[in-house]
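Going from the sequence shown to the working numbering is simple: count from 1 and add 10. Ideal Cβ positions, reconstructed from N, Cα and C, are used throughout, including at glycine. Note that the structure is predicted; figures quoted are calculated from it, not measured. Please read the structure below before turning to the comments.
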Amino acid sequence: MKFLLFLSIALASFTTPETSDKTYLVTDPVVVTNDRVVYKVHDDADYVYVNISTEDKKTSMSILRHGLSIYFDVKGNEDKGVYVKYPYDSKPVRMPKPSKEDSDSDEKPSIDLNTIIADLPGEAEYVYFEERQQFHKDLNAYDIALGYKVTGELFEYDLKIPKTRIDANGTADFSQLLIGVMTNKLERKSEGQNKEGASQGKRGGKGGGGRGQGGGGRGQGGRGQGGGSRGDRAQSQGEPVSIEFWFKAPLSK
Numbered sequence: 011m012k013f014l015l016f017l018s019i020a021l022a023s024f025t026t027p028e029t030s031d032k033t034y035l036v037t038d039p040v041v042v043t044n045d046r047v048v049y050k051v052h053d054d055a056d057y058v059y060v061n062i063s064t065e066d067k068k069t070s071m072s073i074l075r076h077g078l079s080i081y082f083d084v085k086g087n088e089d090k091g092v093y094v095k096y097p098y099d100s101k102p103v104r105m106p107k108p109s110k111e112d113s114d115s116d117e118k119p120s121i122d123l124n125t126i127i128a129d130l131p132g133e134a135e136y137v138y139f140e141e142r143q144q145f146h147k148d149l150n151a152y153d154i155a156l157g158y159k160v161t162g163e164l165f166e167y168d169l170k171i172p173k174t175r176i177d178a179n180g181t182a183d184f185s186q187l188l189i190g191v192m193t194n195k196l197e198r199k200s201e202g203q204n205k206e207g208a209s210q211g212k213r214g215g216k217g218g219g220g221r222g223q224g225g226g227g228r229g230q231g232g233r234g235q236g237g238g239s240r241g242d243r244a245q246s247q248g249e250p251v252s253i254e255f256w257f258k259a260p261l262s263k
């Protein structure tokens, strides 16, 4: 009996260190809520997982129409050097109209979000500072996976990205990770193109108005787990829903 007890203790002391060295528990998710949208982030040994969800139909439609860019800054400075953009094309997706039967009913016409998701392009873009690469969201050499899904009233965007795609050197401290979520916008014309267009307008004798201003700048509010810098201003009725939000996502090293 004493021999068996001694043997059990010896085996435990021998195997426990090796097991603990190879075990990596998934961290508790960072959960941030802002303007009808919930942001969840967690990691494991190799990946960072981002989940963005909402039950607000206008927000869901805006994300499907324009897409999102997810920025990662391990230094916490709202730097936009590393991000994943989907879809790759910034041109807004044309939304289908509700069927005539739905329009004639007393209830508000509804659009099947799953049908829209099924028709979305598969191309996305990964940017690591000067490096820009187009890839397919479901199968690619970058080991990045992303996509939309709908469960009842809940719309979700999921992104899985290797930590080496956020920090190629593998030396970053992810405890300072800052994540930015931005609605994709049409790329502005270059200065040369704008001048050329203005010259053509003058030759045609047409008057030109002032140049329109783009989306809002970086959020200025406080950041922290459970909160963030609010860049997405309150939406007035009829104004398109747009997301521009940075939040802290302190993860393991």
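{"Asked": "Residues near residue 144 in its chain [Cβ-Cβ closer than 7 Å; skip 5 each side]", "Found": "98, 133 and 135"}
{"Asked": "Opening and closing residue of the beta strand (DSSP E) in which residue 188 lies", "Found": "188-193"}
{"Asked": "Proximity below 8 Å, CB of residue 51 to CB of residue 40", "Found": "yes"}
{"Asked": "Same chain, Cβ closer than 7 Å to residue 164, neighbours up to 5 away in sequence not counted", "Found": "63 and 65"}
{"Asked": "Among 124, 129, 93 and 58, nearest to residue 193 - alpha-carbon criterion", "Found": "93"}
{"Asked": "For residue 138 and residue 161, the rounded distance between their alpha carbons", "Found": "33 Å"}
{"Asked": "Inter-residue CB distance, residue 158 and residue 167 (contact presumed, cutoff 8 Å)", "Found": "6 Å"}
{"Asked": "Cβ distance (whole Å) where residue 58 is taken to contact residue 261 below 8 Å", "Found": "7 Å"}
{"Asked": "Whether residue 173 touches residue 155 by CB criterion (8 Å)", "Found": "no"}
{"Asked": "Local conformation of residue 44 per DSSP, three classes", "Found": "strand"}
{"Asked": "Buried versus exposed call for residue 77 [16 or more other C-beta atoms within 10 Å across all chains shown]", "Found": "buried"}
{"Asked": "Simplified DSSP assignment, three categories, for residue 79", "Found": "strand"}
{"Asked": "Residue 70 burial status per 10 Å Cβ neighbour count (16 or more: buried)", "Found": "buried"}
{"Asked": "Cα-Cα separation between residue 127 and residue 185, rounded to whole angstroms", "Found": "34 Å"}
{"Asked": "Short Cβ contact (8 Å threshold) for residue 96 with residue 147", "Found": "yes"}
{"Asked": "Completely contained alpha helix (DSSP H) runs for the region 54-78, where each covers 4 or more residues", "Found": "67-76"}
{"Asked": "Under the three-state DSSP convention, the category residue 181 falls into", "Found": "coil"}
{"Asked": "First and last residue of the uninterrupted alpha helix (DSSP H) at residue 171", "Found": "No alpha helix (DSSP H) contains residue 171, which is instead part of the beta strand (DSSP E) from 164-172."}
{"Asked": "Close beta carbons around residue 89, own chain, < 7 Å, minus the five adjacent residues each side", "Found": "83"}
{"Asked": "Option in 68, 53 and 54 with minimal Cα separation from residue 120", "Found": "68"}
{"Asked": "Beta bridge counterpart(s) of residue 96 as assigned by DSSP", "Found": "78"}
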